[in-house]
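**Student:** Please read through the structure below; I'll follow up with questions.
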Amino acid sequence: MDRFLFTSMARNILQREYLSLPIRAAFSLLLLLSSFSQAIAAEQAARYISLAPSTTEILFALGLDEEIVGVSSFCNYPPEASGKTKVGDFSRPNMEIILALKPDYIFCTGLEQAPVIEQLRRLKLNVYVADPSSIKQLLGSILEIGKITGREKEAQKIISGITNTVEDARKELKAAGRKRPKVFIEIWHDPLTTA
2 MDRFLFTSMA RNILQREYLS LPIRAAFSLL LLLSSFSQAI AAEQAARYIS LAPSTTEILF
62 ALGLDEEIVG VSSFCNYPPE ASGKTKVGDF SRPNMEIILA LKPDYIFCTG LEQAPVIEQL
122 RRLKLNVYVA DPSSIKQLLG SILEIGKITG REKEAQKIIS GITNTVEDAR KELKAAGRKR
182 PKVFIEIWHD PLTTA
């Protein structure tokens, strides 16, 4: 939409008779270069690596299946993630594979990945760390990932869905008369780890 608006305005300006020939030529060149750089940007698909199962799920939910070039060996959901190049372990990824995939962005989590994140940044790679500890922070991470990947609208839809689900659960909980339900959150199954 913005590109179309800019192009239409530029053509309209170029048709003004009172503009001198050098100004028209310069403006035409500017318009041509702008169109050329936009075409190049559109042709260069972004390449993403996810080193955390949670960010892998977010990337797939945003519709970025084709742009995901690598995932950690723990990223197995959605099932399509299993078909992606494995870049190694969660806390010990293979830097040679990562560099060979030429990612535009690498998505990580805080947990035990701090040394990995530091190493990736030393290699001058773009890294986003999603380490939410609340629903509000989770929604913020989804929005940030949406902005980074150019999928902000899709991120907003996901956020709306989660917000509605949480609100529905709160209403049901309130109607049931329980203040704090007992909850078990499984982090990993072998060995069984909870939070």
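Numbering (the numbering used here), first residue to last: 2 to 196.
C-beta atoms are modelled at their ideal positions from N, C-alpha and C, and glycine is treated no differently.
Helix, strand or coil: which one does DSSP assign to F37?
**Tutor:** As a working mapping, residue 37 is identified with position 36 in the sequence shown. Unreliable positioning characterises F37 in this predicted model, as indicated by a pLDDT of 46, which lies under 50. A coordinate reading is not provided.
**Student:** Using the rule of at least 16 other Cβ atoms within 10 Å of the residue's Cβ for burial, across every protein chain shown, is L100 buried or exposed?
**Tutor:** Stepping through the sequence shown from its first residue, residue 100 is reached at position 99. Counting Cβ neighbours within 10 Å, L100 comes out exposed, since fewer than 16 surround it.
**Student:** Which of helix, strand or coil does DSSP assign to K87?
**Tutor:** The count along the sequence shown starts at 1 and reaches residue 87 at position 86. Strand at K87.
**Student:** If I follow the unbroken alpha helix (DSSP H) through I99, where does it start and stop?
**Tutor:** What you label residue 99 is simply residue 98 of the sequence shown in a count that begins at 1. Counting along the chain, the alpha helix (DSSP H) containing I99 begins and ends at 96-102.
**Student:** Roughly how many angstroms lie between the CA atoms of F108 and K87, to the nearest whole one?
**Tutor:** Here the question's residue 108 lines up with position 107 in the sequence shown. Here the question's residue 87 lines up with position 86 in the sequence shown. Rounded to whole angstroms, F108 to K87 spans 14 Å at the Cα level.
**Student:** Roughly how many angstroms lie between the CA atoms of G111 and G71, to the nearest whole one?
**Tutor:** One-based indexing of the sequence shown puts residue 111 at position 110. One-based indexing of the sequence shown puts residue 71 at position 70. G111 and G71: Cα-Cα distance of roughly 19 Å.
**Student:** Quick check on the burial criterion: 16 or more other C-beta atoms within 10 angstroms. Buried or exposed for T150?
**Tutor:** Position 149 of the sequence shown holds residue 150. Buried is the call here.
**Student:** May I ask which residues mark the beginning and end of the beta strand (DSSP E) holding L60?
**Tutor:** Walking along the sequence shown from the start, residue 60 turns up at place 59. Segment 54-62 is the alpha helix (DSSP H) holding L60; no beta strand (DSSP E) there.
**Student:** Are the CB atoms of P54 and N77 nearer to each other than 9 Å?
**Tutor:** For the purposes of this step, residue 54 is taken as residue 53 along the sequence shown, with counting starting at 1. For the purposes of this step, residue 77 is taken as residue 76 along the sequence shown, with counting starting at 1. In contact: P54 and N77 (Cβ atoms closer than 9 Å).
**Student:** Going by beta carbon distance, what residues of the same chain come within less than 6 Å of T57, once the five residues before and after it are set aside?
**Tutor:** The residue you call residue 57 lines up with position 56 of the sequence shown. Hits under 6 Å: S51, V72, C76, A82.
**Student:** In whole angstroms, what separates the C-alpha of E67 from that of E168?
**Tutor:** One-based indexing of the sequence shown puts residue 67 at position 66. One-based indexing of the sequence shown puts residue 168 at position 167. One C-alpha to the other measures close to 33 Å.
**Student:** Determine the direct distance from the alpha carbon of A176 to that of I69, and round the result to whole angstroms.
**Tutor:** One-based indexing of the sequence shown puts residue 69 at position 68. One-based indexing of the sequence shown puts residue 176 at position 175. So the alpha carbons of these two residues sit roughly 42 Å apart.
**Student:** Can you tell which of P133, S92, K137 has the C-alpha that lies nearest to the C-alpha of P116?
**Tutor:** What you label residue 116 is simply residue 115 of the sequence shown in a count that begins at 1. Checking every option, the nearest Cα to that of P116 belongs to S92.
**Student:** So for M10, helix, strand or coil by DSSP?
**Tutor:** As a position in the sequence shown, residue 10 is number 9, starting the count at 1. Confidence at M10 is low in this model, with a pLDDT of 47, below 50, so its placement is unreliable and the value that follows should be read with caution. Helix, per DSSP.
**Student:** Tell me where the beta strand (DSSP E) around I50 begins and ends.
**Tutor:** Here residue 50 refers to the residue found at position 49 when the sequence shown is read from its first residue. First-last of the beta strand (DSSP E) with I50: 49-51.
**Student:** Which residues bound the beta strand (DSSP E) around G71?
**Tutor:** Along the sequence shown, one-based indexing puts residue 71 at 70. Taken as a continuous stretch (DSSP letters only), the beta strand (DSSP E) holding G71 covers 69-72.
**Student:** What is the C-beta distance between I160 and L174, in whole angstroms, given that I count them as a contact (C-beta under 8 Å)?
**Tutor:** Numbered from 1 along the sequence shown, position 159 holds the residue referred to as residue 160. Numbered from 1 along the sequence shown, position 173 holds the residue referred to as residue 174. With a Cβ gap of about 21 Å, I160 and L174 do not count as contacting.
**Student:** Decide if K183 is buried, meaning its Cβ has at least 16 other Cβ atoms within 10 Å, or exposed.
**Tutor:** Stepping through the sequence shown from its first residue, residue 183 is reached at position 182. Exposed, by the Cβ-count rule.
**Student:** G147: buried (16+ other C-beta within 10 angstroms of its C-beta) or exposed?
**Tutor:** The count along the sequence shown starts at 1 and reaches residue 147 at position 146. Label assigned to G147: buried.
**Student:** To the nearest angstrom, how far is it from the Cα of K125 to the Cα of I118?
**Tutor:** One-based indexing of the sequence shown puts residue 125 at position 124. One-based indexing of the sequence shown puts residue 118 at position 117. Near 11 Å, if we compare the C-alpha coordinates of I118 and K125.
**Student:** Under the rule that 16 or more other beta-carbon atoms within 10 Å means buried, what is Q114, buried or exposed?
**Tutor:** Start at 1 with the first residue of the sequence shown, and residue 114 comes out as number 113. It counts as buried.
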